[in-house]
Each structure stands twice: as structure tokens, then as C-alpha cells.
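Each residue of the sequence shown is one higher than the last, beginning at 66 in the working numbering.
Even for Gly, the Cβ is constructed at its ideal location relative to N, Cα and C.
Take a look at the structure below.
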Amino acid sequence: MRLAGKVAIVTGASRGIGRAVAVALAREGAAVVINYASNGEAALETLAKIGEAGGRAVVCQADVSDWEACESLVRSALDNFGKVDILVNNAGVTRDNIVARMKKDEWQAVLDTNLTGAFNLVRAAMRPLLRQKSGGRIINISSVVGLAGGVGQANYAAAKAGLIGLTKSLARELAGRQITVNAVAPGFIDTEMTAALPEELKKNMLAQVPLGRAGTPEEVAQLVAFLAADAAGYITGQVIAIDGGLVMQ
Ligand code: NAP
């Protein structure tokens with residue numbers, strides 16, 4: 066149990082990668098706050114999975130794009146578990162469109178959740194993290210699209226690239242406190258987000274993956290669990306791709 070005694074907040078943990086991360090961290094012994102935006106039923110399924118595995122967790126609804134909601138998300142960790150050690154900024158949305166047709170609200174919604182959401186949670190958790198004087202972990206779920214761009218995904222690519230800039234700046238600001246900050250950049254992972262893509266597009270994307278298949282949420286979760294553990298204490302400010310070799314940096 067690499068995370069025994071730790072407390073984690075995982076945003077967007079009702080489904081997909083976030084759910085797998087919440088379950089993996091709980092299996093390693095962390096108490097987990099399972100955040101979601103609107104799908105309360107799915108969040109309760111994540112809670113049940115953690116319960117079956119013998120872990121501890123609570124569910125907390127909060128729209129990460131809302132500053133006050135992020136404050137109440139952190140309060141939920143403090144009220145239920147007394148502290149916060151690990152933040153996983155995973156909540157994300159897509160509103161794909163080519164720039165020539167992209168509406169202002171498609172741009173704004175993606176930036177608000179994927180980028181500002183991470184800033185909001187970090188700000189809300191900053192005081193308890195620093196006051197605890199026990200180090201910490203911030204893990205931001207970016208995307209290979211943030212490294213390489215993507216047709217029809219300028220909003221998403223900008224948000225995910227912005228998240229990498231936030232990661233590196235925070236890593237420098239918090240290193241003195243032994244708080245590490247890293248970004249994980251998944252490629253094509255089998256979740257509801259990618260299930261929504263047209264079949265032809267999926268086929269073309271998978272054909273470009275050297276390992277020849279989509280990744281699973283559990284594979285991403287194992288990487289996040291490693292970064293959250295003490296064993297990763299000398300890794301900070303990094304962007305780690307998990308993409309079957311799609312984007313080799
Ligand atoms: P998903 O299956 O669509 O799940 C998205 C999660 O984010 C849900 O739990 C959703 O909550 C939550 N969420 C959305 N907006 C939110 C908000 N404003 N506040 C709080 N929670 C919010 O997505 P996924 O594929 O697991 O993706 C997870 C992360 O990995 C995202 O940041 C995504 O950009 C990134 N990523 C995914 C892939 C991939 O191939 N799947 C690749 C690269 C990066 P509700 O259930 O309540 O709606």
C-alpha cells in the first residue's frame with residue numbers, strides 16, 4: 066500500500082480515466098474524494114467500486130470551473146479526512162470544431178473546465194497543502210493533443226498545452242515545499258470521451274499508434290498512482306506521455 070494515510074482529490078472521477086485513478090489510489094491506501102460535475106449516479110458507482118476493494122472514499126459534486134465550488138471540494142477533503150496530500154486534475158471536456166467555425170462558447174467551455182478548473186482547485190488547496198508541511202503531489206491530466214495539436218481541437222489543445230505551462234510553473238514554485246507537480250499526457254484511451262468519436266476517425270487515429278491499440282483507463286491510473294507515491298519524489302515538472310508511442314518527444 067504505497068499511499069496509506071494519504072488523502073487524494075480526483076476531479077472528474079465519476080467515469081473513465083478519473084474513475085480508474087480514484088480506484089487505483091484507494092487500492093494503494095489513499096482516502097479519496099470522488100468529484101463529478103453532473104453524473105451523480107456514476108460517481109456512486111465509483112464509490113461502490115472503492116468500497117468493494119476495501120477503500121475509503123466520499124463523493125463531492127463540484128463544477129471545477131467554479132471557484133467557490135473548488136473551495137467546497139477542498140473543504141470536503143478536510144472535513145471528511147482532515148487533510149489533502151494529492152490533487153489529480155482530471156476533469157475534462159471536448160467541444161470539437163475547426164477554428165473557422167468554432168463558437169466563442171465552445172472555446173470558453175473547454176478552457177474553463179480543462180485549464181481554469183485545474184488552477185481553481187490548486188488555489189483552493191494551496192493553503193492546507195502548504196500549512197501541512199508534509200510535501201504533496203499535483204498531477205494534471207493533459208493530452209498528447211496539448212503537445213502536438215489536433216485538427217478540430219484548437220480549444221482542447223490550447224487548454225491542454227496551457228495545463229503543461231501551469232504544471233511547469235507550479236513545479237518551480239512548489240519544489241521548495243517538496244510538492245511535486247507533473248502532467249500526464251494520454252493518447253487514445255478507451256472512455257466515453259473517445260467512444261463519441263466517429264468510427265472512421267477512430268480507425269484512422271488507432272492506425273497511427275505504434276503499439277496498435279487504444280490504452281485503457283487503468284493503464285493511465287497506474288502511472289498516476291506511481292507519480293503519487295513516495296517512489297516518485299524526485300520527479301517534478303515533467304510531462305509523461307502514455308500513448309502507445311503516438312507522440313515521441
Ligand atoms: P470522460 O469519460 O468524458 O469523463 C469526464 C469526467 O470529467 C467525468 O467524470 C465528468 O463528470 C468530469 N467533468 C466534466 N466536466 C467537469 C466539470 N466542469 N467539473 C467537474 N468534473 C467535470 O473523459 P475521460 O476520457 O475519462 O478523460 C479524462 C481526462 O483525460 C480529461 O481531462 C481528458 O481531456 C483527458 N484525456 C483523455 C483522453 C482519452 O483518450 N480518453 C486522452 C487524453 C486526455 P460527469 O460524469 O459528472 O459529467
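Next on the checklist: Using C-beta distances below 8 Å, list every residue in its chain close to E257, excluding the 5 sequence neighbours before and after it, in chain order.
Outcome noted: Translated into positions along the sequence shown, residue 257 becomes position 192. Excluding residues within five positions, the ones whose Cβ falls inside 8 Å are R80 and G81.
Checklist entry - Do I74 and I163 come within 9 Å of each other at the CB atom, strictly closer than that value? => result The residue given as residue 163 occupies position 98 in the sequence shown. The residue given as residue 74 occupies position 9 in the sequence shown. With respect to I74, I163 sits apart: the two C-beta atoms are not nearer than 9 Å.
Next on the checklist: Looking at the ligand SAM, does it come within less than 8 Å of T256, judged from the CB to the closest heavy atom?
Outcome noted: The ligand content of the structure shown is limited to the ligand NAP, which means the ligand SAM is not among them.
Next on the checklist: Give me the residue from G201, I206, S130 and V149 with the minimum Cα distance to E86.
Outcome noted: For this step, residue 86 is matched to residue 21 along the sequence shown. Per the sequence presented here, residue 86 reads as Val, with Glu not at that position. Nearest C-alpha to V86: I206.
Checklist entry - If you measure from the CB of D128, is any heavy atom of the ligand NAP nearer than 8 Å? => result Within the sequence shown, the letter at position 63 stands for residue 128. At least one heavy atom of the ligand NAP lies closer than 8 Å to the C-beta of D128.
Next on the checklist: Considering only heavy atoms of the ligand NAP, does any lie closer than 8 Å to the CB of I305?
Outcome noted: Taking the first residue of the sequence shown as 1, we reach residue 305 at position 240. Result no, Cβ not under 8 Å from the ligand NAP.
Checklist entry - By the 10 Å Cβ neighbour count, where 16 or more other Cβ atoms means buried, how is Y299 classified, buried or exposed? => result Looking up residue 299 in the sequence shown gives position 234. Counting Cβ neighbours within 10 Å, Y299 comes out exposed, since fewer than 16 surround it.
Item to check | Residue nearest to A306 in terms of C-alpha spacing, selected from E284, A294, D295 and D161 | outcome: Position 241 of the sequence shown, counted from the start, is the residue given in the question as residue 306. Nearest C-alpha to A306: E284.
Item to check | Own chain, CB closer than 6 Å to A102, minus 5 neighbours either side, in chain order | outcome: For this step, residue 102 is matched to residue 37 along the sequence shown. For A102, where only same-chain residues beyond five positions count, the Cβ hits under 6 Å are D128.
Next on the checklist: So, under 8 Å CB-CB, R209 and D308 are touching, yes? Tell me the CB distance rounded to an integer number of Å.
Outcome noted: Within the sequence shown, numbered from 1, the residue matching residue 209 stands at position 144. Within the sequence shown, numbered from 1, the residue matching residue 308 stands at position 243. According to the sequence as given, residue 209 is Val; it is not Arg. Contact between V209 and D308 holds: their C-beta atoms lie close to 5 Å from each other, under 8 Å.
Next on the checklist: I'd like the span of the beta strand (DSSP E) that includes Y101, first residue to last.
Outcome noted: Residue numbering aside, residue 101 sits at position 36 when the sequence shown is read from its first letter. Where Y101 is concerned, the enclosing beta strand (DSSP E) stretches over A96 to Y101.
Checklist entry - Which two residues bound the contiguous beta strand (DSSP E) that contains N154? => result As a first step, residue 154 must be located in the sequence shown, where it is residue number 89. First-last of the beta strand (DSSP E) with N154: I151 to N154.
Checklist entry - Smallest Cα separation from A260: which of G280, V246 and V274? => result For this step, residue 260 is matched to residue 195 along the sequence shown. The option with the nearest alpha carbon to A260 is G280.
Checklist entry - Touching or not, the stretch 170–190 and the stretch 112–120, by the rule of three or more beta carbon pairs under 8 Å? => result No, the stretch 170–190 is not in contact with the stretch 112–120.
Checklist entry - Can you find at least 3 beta carbon pairs, one from the stretch 103–116 and one from the stretch 179–198, that sit closer than 8 Å? => result Taking 8 Å as the limit for Cβ pairs, the verdict is that the stretch 179–198 does not touch the stretch 103–116.
Next on the checklist: Along the chain, where does the beta strand (DSSP E) containing Q287 start, and where does it finish?
Outcome noted: For the purposes of this step, residue 287 is taken as residue 222 along the sequence shown, with counting starting at 1. Taken as a continuous stretch (DSSP letters only), Q287 belongs to no beta strand (DSSP E), being part of the alpha helix (DSSP H) at P282 to A293.
Item to check | Y299: CB within 8 Å of a non-hydrogen atom of the ligand NAP | outcome: Position 234 of the sequence shown holds residue 299. The beta carbon of Y299 sits no closer than 8 Å to any heavy atom of the ligand NAP.
Item to check | V88 beta carbon less than 9 Å from that of V317 | outcome: An answer regarding residue 317 cannot be provided, because it is not within the stretch 66 to 314 covered by the chain.
Checklist entry - Which first and last residues belong to the beta strand (DSSP E) in which P251 is found? => result On the sequence shown, position 186 is the one that residue 251 refers to. I244 to P251 is the extent of the beta strand (DSSP E) around P251.
Next on the checklist: Assuming N220 is part of the alpha helix (DSSP H), what are its boundary residues?
Outcome noted: Residue numbering aside, residue 220 sits at position 155 when the sequence shown is read from its first letter. For N220, the enclosing alpha helix (DSSP H) covers residues A219 to L239.
Checklist entry - Mind checking L334: buried by the 16 CB within 10 Å criterion, or exposed? => result Nothing about residue 334 can be reported from this structure: the residues present for the chain run from 66 to 314 only.
Checklist entry - Which residues in the same chain have their Cβ closer than 7 Å to the Cβ of R92, if we skip the five residues on either side of it in sequence? => result The residue labelled residue 92 in the question sits at position 27 within the sequence shown. These residues qualify, in order along the chain: A118 and G120.
Checklist entry - How many Å lie between I203 and R84 at the Cα? => result In the sequence shown, counting from the first residue as 1, residue 203 sits at position 138. In the sequence shown, counting from the first residue as 1, residue 84 sits at position 19. Answer to the nearest angstrom: the Cα atoms are 17 Å apart.
Checklist entry - Rounded to whole angstroms, how far is the Cβ of V304 from the Cβ of A250, which I believe are closer than 8 Å? => result Here the question's residue 304 lines up with position 239 in the sequence shown. Here the question's residue 250 lines up with position 185 in the sequence shown. Yes, they are in contact, since the Cβ atoms of V304 and A250 sit about 5 Å apart, within 8 Å.
Checklist entry - Which ranges does the alpha helix (DSSP H) cover as unbroken runs of at least 4 residues, wholly within the stretch 166–221, from first to last along the chain? => result Here the runs fully enclosed are 169–176, 182–197 and 209–213.
Checklist entry - Does the Cβ of I82 lie closer than 8 Å to at least one heavy atom of the ligand NAP? => result In the sequence shown, counting from the first residue as 1, residue 82 sits at position 17. Because some heavy atom of the ligand NAP lies under 8 Å away, the Cβ of I82 counts as near it: yes.
Next on the checklist: Please classify K225 as buried or exposed, where buried requires at least 16 neighbouring CB atoms within 10 angstroms.
Outcome noted: Your numbering for residue 225 matches position 160 in the sequence shown. Looking at its Cβ environment, which holds 16 or more other Cβ atoms inside 10 Å, K225 is buried.
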